[in-house]
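Numbering-wise (full-length UniProt numbering), the sequence shown opens with residue 13 and increments by one.
Working notes, beginning with the structure itself.
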Amino acid sequence: LGTVGAAGAAGLALGAASGAGVYAAAAGPSADGTALTSVGSTEAMFHGKHQAGITTPLQARGHLLAFDLAPGAGRKEATALLRRWSATARALMAGKPADGGQDTGIALDAGPSSLTVTFGFGHSFFGRTGLTARRPTELDALPAFSADALDPKRSNGDLWIQIGSDDALVAFHALRALQKDAGDAARVRWQMNGFNRSPGATARPMTARNLMGQVDGTGNPKPSEPDFDRRIFVPDGASGPQAWMAGGSYAVVRRIRMLLDDWEKLPLEKQERVIGRRKSDGAPLTGGSETTELDLNKMGPDGKLVIPDNAHARISAPEQNGGAAMLRRPFSFHDGIAPDGTPDAGLLFICWQADPLKGFVPVQRKLDRGDALSPFLRHEASGLFAVPGGPAEGEYVGQRLLE
Ligand code: HEM
13 LGTVGAAGAA GLALGAASGA GVYAAAAGPS ADGTALTSVG STEAMFHGKH
63 QAGITTPLQA RGHLLAFDLA PGAGRKEATA LLRRWSATAR ALMAGKPADG
113 GQDTGIALDA GPSSLTVTFG FGHSFFGRTG LTARRPTELD ALPAFSADAL
163 DPKRSNGDLW IQIGSDDALV AFHALRALQK DAGDAARVRW QMNGFNRSPG
213 ATARPMTARN LMGQVDGTGN PKPSEPDFDR RIFVPDGASG PQAWMAGGSY
263 AVVRRIRMLL DDWEKLPLEK QERVIGRRKS DGAPLTGGSE TTELDLNKMG
313 PDGKLVIPDN AHARISAPEQ NGGAAMLRRP FSFHDGIAPD GTPDAGLLFI
363 CWQADPLKGF VPVQRKLDRG DALSPFLRHE ASGLFAVPGG PAEGEYVGQR
413 LLE
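In C-alpha cells form, the structure reads like this:
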C-alpha cells in the first residue's frame with residue numbers, strides 16, 4: 013500500500029479535482045522538529061475566498077456542532093465569539109496550540125492533519141442579534157418532507173461548526189478548544205461525530221464508500237467544471253440581504269439513519285438496482301467504469317429499463333431535476349445500538365450549494381416521493397446554515413455580516 017501520505021495529499025473524491033490551493037505543505041516537522049508524514053503535515057488554509065472544509069478532500073474524522081447564543085447574548089457577544097473562534101481556528105489549522113496558554117495538549121506531537129473548521133449561521137441567529145434585515149431568504153426553513161422523522165433538539169441552531177481532520181485527536185482537540193471559547197456566550201445545542209476512510213487505506217485515491225458499502229460521491233460536481241462556482245458558491249456581486257455572503261455557500265445537514273439490518277438482507281443484485289450502480293466499483297448498471305455517464309434510456313433484454321425508474325442515481329441526477337446540483341461532502345456515523353437493537357448508524361449528509369432551492373430541496377422532494385433507497389433511510393435531524401466566504405488576512409469569519 014505504499015506511503016500513508018500519497019493518497020492523503022491527493023485526496024479522495026474531491027481532492028483530485030480541487031487542487032486550488034486548498035492545501036499547503038506536504039511534509040514538515042512536528043513541534044519537536046522530527047519529520048511528520050504528509051497526513052500529519054497537510055495544512056488547509058484558513059484565509060481565502062471560501063472557507064476550508066467545502067472543497068477540501070473528505071477527512072477521516074468529523075464533528076458537527078450547533079450552538080445557541082446564551083440568554084441575553086446578542087450581536088456584541090456574537091461578534092466577540094466569532095473573533096475568538098477565528099483566532100483559534102487559524103492557530104489550530106496551522107498546527108499551533110490554541111491561544112492563551114490554555115491549550116489542552118491533546119494534539120501535541122501531531123501536525124495540522126488537514127484540520128478544517130468551518131463556521132455557519134442558522135436562521136435563528138439573525139433575530140437574536142438584531143440582524144434580520146440581513147437574513148438571506150435562502151435561509152428560510154426547508155419544507156417538510158413526508159419521510160421526515162426530525163428531532164428538533166438535534167436540528168438547526170444559531171451557529172454551526174463543522175470540524176474535519178485526518179486525525180481523531182486533532183479533531184477532538186479542536187472541538188474542545190472551540191467549545192471552551194464559547195464561554196458564557198453560547199451553549200452547545202447538539203453535537204454529531206462522524207468518520208470517513210483514512211487516507212492511505214486504499215492503494216490509490218478512490219471515492220469513499222458509505223456504511224451501505226456503496227461508492228458514494230461519484231456524481232458530485234467537480235471544481236474543474238465551468239459552472240462549479242456558480243452552483244456551489246454565492247457570487248461576488250451578490251446584493252441585497254445576502255451581500256455579505258459573497259464567496260459563501262449554504263450547507264444542508266441531515267442526520268440520515270440507515271436501516272442497515274434491512275439493507276443487508278437485500279441480495280447484491282437488488283442492492284445495485286436500488287442505486288443504479290454496481291457495488292464493486294460504482295459503475296453504472298448500463299456499463300463502463302465509475303466515471304461513465306448513466307445511460308438512463310437503455311433497455312435490458314427483458315424490455316425494462318436497466319437503471320430502474322426509481323433508482324436513487326436516476327432520480328437524483330441533475331438532468332432529471334432541471335440542473336439542480338449540490339456538492340455532497342458527508343461523514344458516516346455510528347453511535348452504538350439503538351434501544352430497538354438496531355445499529356444507530358448512517359450518514360451525516362452535508363451538501364453545499366449557492367441556493368438550497370436549486371440544490372437540496374428539489375432533489376429531496378423527488379426522492380421523498382419514493383426512490384428505491386428511501387425505505388432503508390430515516391431522516392432524523394436537519395439543519396440549514398449560511399456559511400460565509402473565507403476571511404481575508406486580518407479578518408474574522410462573518411466579519412462582513414457582524415460589522
Ligand atoms: C448519488 C447514496 C442521500 C443526492 C448517490 C449515489 C449513492 C448515493 C451510492 C451514487 C454515487 C454518486 O454519484 O455519488 C446515498 C445514500 C444516502 C443518500 C446512502 C442517504 C443515506 C441523498 C440525499 C440527496 C442525495 C438526501 C439529496 C437530496 C444525490 C445526488 C447524487 C446521488 C445529487 C448524484 C446523482 C448524479 O449526479 O447522477 N447517492 N444518497 N442523496 N445522491 Fe445520494
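C-beta: ideal position from N, C-alpha, C; glycine also.
These numbers were taken from a predicted model, which means no experiment stands behind them.
Residue i Cβ short of 6 Å to the ligand HEM heavy atom set
i           : result
N222        : yes
G371        : no
D293        : no
I268        : yes
V375        : yes
L359        : yes
G229        : yes
L389        : yes
residue 435 : No statement about residue 435 is possible, as the shown extent of the chain runs from 13 to 415 and does not include it.
Q254        : no
S167        : no
S251        : no
I327        : no
I319        : no
I287        : yes
Q226        : yes
Simplified DSSP state of residue i, which is helix, strand or coil
i    : result
T100 : helix
T128 : strand
R341 : coil
S301 : coil
R199 : strand
G31  : Confidence at G31 is low in this model, with a pLDDT of 34, below 50, so the placement of that residue is unreliable and no value is reported for it.
I118 : coil
A220 : coil
L396 : strand
R326 : helix
G353 : coil
D80  : strand
F245 : coil
L280 : helix
L94  : helix
A153 : coil
S236 : coil
7 Å Cβ cutoff met for residue i and residue j
i         : j    : result
A56       : T67  : no
W256      : L143 : no
L76       : M204 : yes
R269      : G358 : yes
H62       : G259 : yes
residue 6 : L120 : There is simply no residue 6 to check, as the chain begins at 13 and stops at 415 in what is shown.
L306      : I327 : no
S386      : A159 : yes
P296      : R289 : yes
Q174      : G65  : yes
D80       : R201 : yes
P124      : G113 : no
D178      : P211 : yes
R377      : C363 : no
A393      : D152 : no
V264      : F372 : yes
L127      : V51  : no
N322      : D383 : yes
Other residues of its chain near residue i: CB distance less than 6 Å, five sequence neighbours each side excluded
i    : result
G74  : G176, G206 and F343
A337 : P233, R243 and P330
Close beta carbons around residue i, own chain, < 7 Å, minus the five adjacent residues each side
i    : result
N208 : L70, Q71, A72, A220, F343 and S344
Chain-order list of residues whose beta-carbon lies under 8 Å from that of residue i (same chain, five-residue window excluded)
i    : result
D273 : T354 and P355
M311 : L317 and V318
L94  : F131, Y408, V409, G410, Q411 and L414
L190 : L77, W97, T100, A101, V129, I173 and I175
A197 : L81, A82, A85, E89, A90, A92 and L93
### Query
Is there contact between the region 127-137 and the region 395-404, where contact requires at least three CB pairs shorter than 8 Å?
yes
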